[in-house]
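Residue numbers for the sequence shown follow the working numbering, beginning at 80 and rising by one.
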Amino acid sequence: MKLDILVPIHTHPTGTPVEFTGQVAAVARYLDADVHALVLDADFPQAASVLGNMLIDVPALIAGAKAKCREHGVAVAQALEVEMGTASSRLRTTHVEGFTGTFSGVVSTFGHYHDLVLIGIGADDLTSQGTAEAVIFGSGKPTLLVPQADPIAAFEHVMIAWDGSRFAARAVSDARVFLERAQTVTIVLVIDEKALPDDNPGKRLAECLARRGIAATVSQVQGRGRPVAETLQAHASEIGAGLIIMGGFAHSRMRDFVLGGATAGILKDLRLPVLLSH
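Pasting the structure below:
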């Protein structure tokens with residue numbers, strides 16, 4: 080049975096760039112997965128001011144903005160169809176119209192019915208960051224974050240950010256399809272960021288993976304005061320890893336949670352593909 084990947088396509092304020100379809104197609108081909116493009120067509124509330132409506136044709140402005148959003152969504156969906164070409168993966172597209180503030184919840188709910196959610200993150204793109212945050216903690220499914228501006232490198236070398244926590248354990252389980260395809264797997268522990276289990280968690284994970292036919296080596300790094308996300312992504316670049324596997328962590332179970340340092344850092348400064356699970 081093929082994997083089914085959900086890909087949200089934003090249309091406002093800047094919208095998901097057409098170029099991102101190349102990254103989506105690359106992941107679909109690598110995993111031999113089907114793709115469900117969820118196009119989020121933005122709607123806008125009507126102005127409540129009678130005077131404002133007299134001075135400016137607000138309904139016409141709103142209609143024009145909605146049309147522009149839908150045109151962008153159609154363009155991205157068509158580009159994705161071209162990028163996927165004759166691949167065995169199947170593409171289907173769904174358009175959902177609503178106010179932009181509701182879309183994070185919509186994507187999270189759609190994620191319940193897919194194996195993986197693939198989200199493109201742009202620099203200083205608060206919309207995609209907000210969607211990713213909601214999906215990581217609300218969909219119950221792994222979320223693959225990909226920099227929108229950079230072509231995807233090969234996933235032959237996968238790096239696991241490991242601290243022995245349940246969040247990291249969940250991420251490793253969710254990433255099995257990537258780990259089984261990888262030629263090299265490196266387990267990385269940041270040893271000066273927080274207290275780690277004293278029973279050699281890296282070695283234990285390597286032994287666990289070995290029992291499943293996945294060979295992995297263990298590496299220990301020091302952050303030396305740098306943010307954890309920076310340390311992990313810098314080390315991944317140094318060793319040539321094309322994908323980081325890590326657990327998504329928040330300090331509270333409340334809806335208005337405070338993101339853990341590594342999770343927040345990844346969302347704000349994503350440098351390479353990262354698979355997050357919670």
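Where is the CB? At the ideal position from N, CA and C, for every residue including glycine.
Residue from the options with nearest C-alpha to residue i
i       : options                            : result
Gly-180 : Ser-168, Lys-145, Phe-123, Val-225 : Phe-123
Gln-227 : Gly-292, Gln-102, Ala-116, Arg-255 : Gln-102
Ser-183 : Ala-343, Ala-121, Ala-139          : Ala-121
His-174 : Ala-232, Leu-258, Ala-156          : Ala-156
Gly-94  : Gly-152, Leu-322, Leu-140          : Gly-152
Neighbourhood of residue i by C-beta distance below 7 Å, restricted to the same chain and skipping five residues each side
i       : result
Arg-334 : Here the model assigns Arg-334 a pLDDT of 40, short of 50, so the residue's position is not dependable, and the following value carries that caveat. Closer than 7 Å at Cβ, skipping near neighbours: no residue.
Residue i classed as buried or exposed, judged by whether at least 16 other C-beta atoms fall within 10 angstroms
i       : result
Glu-162 : buried
Gly-440 : Nothing can be reported for residue 440: it is not among the residues displayed for the chain, which extend from 80 to 357.
Met-80  : exposed
Leu-205 : exposed
Same chain only: Cβ atoms within 8 Å of residue i, ignoring 5 sequence neighbours per side
i       : result
Val-256 : Leu-82, Leu-110
Ile-270 : Gln-299, Val-300, Gln-301
Gln-208 : Ile-200, Leu-346, Lys-347
Neighbourhood of residue i by C-beta, 6 Å cutoff - its chain only, sequence neighbours within 5 removed
i       : result
Ala-250 : Ile-324, Met-325, Gly-326, Ser-356
Pro-221 : Leu-195, Asp-253, Leu-354, Ser-356
Val-186 : Pro-87, Thr-210, Val-214
His-91  : Ala-121, Cys-148, Thr-179
Under the three-state DSSP convention, the category residue i falls into
i       : result
Ala-295 : coil
Phe-336 : Reliability fails at Phe-336, whose pLDDT of 43 lies under 50, so the model's placement of it is uncertain and the value that follows must be treated cautiously. Phe-336: coil per DSSP, three-state reduction.
Met-163 : helix
Arg-171 : strand
Leu-349 : coil
His-314 : helix
Asp-253 : helix
Ala-233 : coil
His-151 : helix
Whole-Å CB distance - residue i paired with residue j, under 8 Å assumed
i       : j       : result
Ile-84  : His-193 : 6 Å
Val-225 : Ala-320 : With 8 Å as the limit, Val-225 and Ala-320 do not qualify as a contact, their Cβ atoms being about 14 Å apart.
Minimum Cβ-Cβ distance from residue i to chain B less than 8 Å
i      : result
Thr-93 : Absent from the structure: chain B. Only one protein chain is present.
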